[in-house]
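With the numbering used here, you'll find the sequence shown wraps up at 350, consecutive numbering, no jumps. Note that beta-carbon positions come from the ideal geometry of N, C-alpha and C, so glycine has one too. None of the values given here were measured: they were computed from a predicted structure.
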Amino acid sequence: MNEFELIERIFSQMQAAPPLSSGIEKGIGDDAAVMALPAGSRLVSCIDTLVQGRHFSADWGQVNELAFAIGYKAVAVNVSDIAAMGAAPHSILLALALPERLANNEWLTEFAKGLFHACQLFGVALIGGDTTRSDNLVLSVSAQGFLATDTPAVYRSGAQVGDKVYVSGTLGDASYALQNPDNVQGIKLAHRLHMPTPRIALGAALAKIGATAMIDISDGLYQDLGHVCHQSAVSMRLHLEQLPISTPLATVDLSERLLCQLTGGDDYELAFTLPAHIEPPNGSTPVTCIGEVVALADSTDTTVEGATSLCPELCYQGQSVTPSHPAPFSTWPTLTGYQHFAG
């Protein structure tokens with residue numbers, strides 16, 4: 008049995024048959040998948056690529072140890088993008104560039120277990136993909152979801168002056184775990200890095216009640232909210248003391264944990280804006296108001312290194328945080344988040 012036959016056997020054994028209600032007419036096993044779209048619905052699509060040495064460890068021992076988590080996370084990060092549009096996830100396609108040393112029953116079985124565990128948790132089906140040989144592990148997952156006729160998509164471009172800025176869950180956990188894998192707090196937070204939880208129900212609820220803009224936090228709060236500011240032609244005022252924090256991260260030095268919360272990615276929480284008169288959903292996922300949307304003219308330009316005033320303004324205990332007054336930081340920090348093209 009060659010490696011491609013091995014992959015086909017493992018995935019065929021673990022793949023659950025999609026329910027008749029899914030609309031999947033043809034999934035794995037042909038040149039392309041065929042789906043029947045629910046009447047009046049709109050298709051929402053996204054794709055993410057995870058590259059060994061950039062999105063997860065280059066160390067082969069780590070790759071072997073984290074096979075389950077790599078499979079799980081490849082699905083979760085795409086489902087999070089679907090959730091950020093207010094849509095219901097439906098299915099995924101997987102492109103797997105596999106090194107020879109991982110083309111064995113042990114690694115592929117654990118990887119597939121993680122992938123299908125995520126599929127089951129988030130209600131999606133694997134409907135096809137492709138496999139090729141590579142020197143390093145590279146995974147691309149494309150996800151599809153549906154928006155019902157009466158559910159508006161939530162874009163990055165709808166934030167309005169006067170809206171409140173919210174975030175789900177807690178921030179900075181994954182970033183701290185990545186940087187400190189061996190200390191007490193990092194070990195406690197490792198699950199936040201390796202096994203993120205896309206906020207599907209929250210995203211859908213926000214679309215229905217009138218969220219004006221939304222984004223999932225993958226590259227860091229400050230950078231990701233900067234995208235919303237740019238697309239919406241507004242600025243934001245963020246209050247650092249209001250950033251939600253987990254119990255393990257609360258024990259970390261203030262400036263260090265704030266930097267994780269502002270610039271660390273991989274939390275896959277939702278950041279969103281709501282008109283001031285609309286209360287966020289009261290569900291199982293905690294939601295925290297962290298600021299407000301302001302007009303560009305009302306925002307102090309505190310940015311450096313070629314950034315524009317479309318980036319959020321930071322405040323701490325009622326005082327603006329600027330390069331000349333950086334408290335609670337000792338010096339003005341670098342606020343760029345994850346850089347996919349950095350050398």
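Could you check which residue in the options has the C-alpha nearest to that of residue i?
i      : options                           : result
Val41  : Val86, Met21, Leu100 and Trp67    : Leu100
Pro106 : Thr292, Asp55, Glu32 and Asp142   : Asp142
Leu128 : Ala23, Gln268 and Tyr323          : Ala23
Arg264 : Ser242, Leu232, Val84 and Pro340  : Pro340
Asn190 : Val259, Leu232 and Ser149         : Val259
Thr292 : Pro188, Tyr162, Ser149 and Leu213 : Leu213
Val161 : Thr138, Val51, Pro188 and Ser337  : Val51
Cys126 : Ala166, Trp114 and Ala76          : Ala76
Leu269 : Leu228, Gly68 and Gly298          : Leu228
His246 : Leu321, Val168, Ser98 and Leu115  : Leu321
Pro159 : Leu261, His284, Gly47 and Asp231  : Gly47
Ser29  : Val84, Ile35, Glu15 and His97     : His97
Ala132 : Asp170, Val86 and Asp157          : Val86
Ile216 : Cys267, Leu256, Ala283 and His201 : Ala283
Met202 : Arg108, Cys267 and Leu73          : Leu73
Pro251 : Leu209, Val294 and Pro288         : Val294
Ala211 : Asp157, Glu113, Glu32 and Ser327  : Asp157
Gly169 : Arg49, His124 and Leu303          : Leu303
Kindly indicate which three-state DSSP category residue i falls into: helix, strand or coil?
i      : result
Ala150 : strand
Cys296 : strand
Arg244 : strand
Leu109 : helix
Val311 : In this predicted model, Val311 has a pLDDT of only 42, less than 50, meaning its place in the structure is not dependable enough to derive any value.
Ile285 : coil
Tyr345 : coil
Arg61  : coil
Ile134 : strand
Cys355 : Absent from the structure is residue 355, since the part of the chain shown begins at 8 and ends at 350.
His332 : coil
Asp38  : coil
Tyr229 : helix
Arg49  : strand
Return yes when the Cβ of residue j is within less than 9 Å of the Cβ of residue i, no when it is not.
i      : j      : result
Gly152 : Met221 : no
Tyr345 : Asp273 : yes
Val70  : Val148 : no
Gly78  : Ala181 : no
Cys296 : Gln249 : yes
Ala95  : Ala155 : yes
Leu281 : Thr219 : yes
Gly135 : Ile35  : yes
Ser225 : Val84  : yes
Asp363 : Ala166 : Because the chain is modelled from 8 through 350, residue 363 falls outside the range shown and cannot be assessed.
Thr177 : Ser253 : yes
Arg206 : Asp231 : no
Pro288 : Leu209 : yes
Lys80  : Leu57  : yes
How big is the Cα-Cα spacing for residue i and residue j?
i      : j      : result
Leu103 : Gly179 : 29 Å
Thr204 : Val301 : 30 Å
Met21  : Pro333 : 53 Å
Leu185 : Thr138 : 29 Å
Ile17  : Leu115 : 7 Å
Leu13  : Gly233 : 44 Å
Phe348 : Leu342 : Any reading at Phe348 needs caution, since the residue's pLDDT is 49, under 50, leaving its predicted position unreliable; the model's value is listed next. Rounded to whole angstroms, Phe348 to Leu342 spans 16 Å at the Cα level.
Gly290 : Gln192 : 27 Å
Glu286 : Ser175 : 14 Å
Met243 : Val172 : 8 Å
Glu256 : Pro335 : According to the sequence provided, residue 256 is Leu. The question's Glu does not apply to it. Approximately 17 Å, taken between the alpha carbons.
Tyr183 : Ser64  : 15 Å
Glu15  : Asp37  : 12 Å
Cys53  : Ala90  : 11 Å
Gly325 : Phe279 : 22 Å
Leu266 : Glu113 : 38 Å
Arg140 : Arg108 : 10 Å
Leu39  : His124 : Leu is not the amino acid found at residue 39; the sequence shown has Ala there. Roughly 23 Å between the two C-alpha positions.
Taking 8 Å as the cut-off, does the segment 227-240 touch the segment 117-128 (at least 3 CB pairs, one atom from each stretch)?
no
Contact between the segment 194-201 and the segment 143-158 (3+ Cβ pairs under 8 Å):
no
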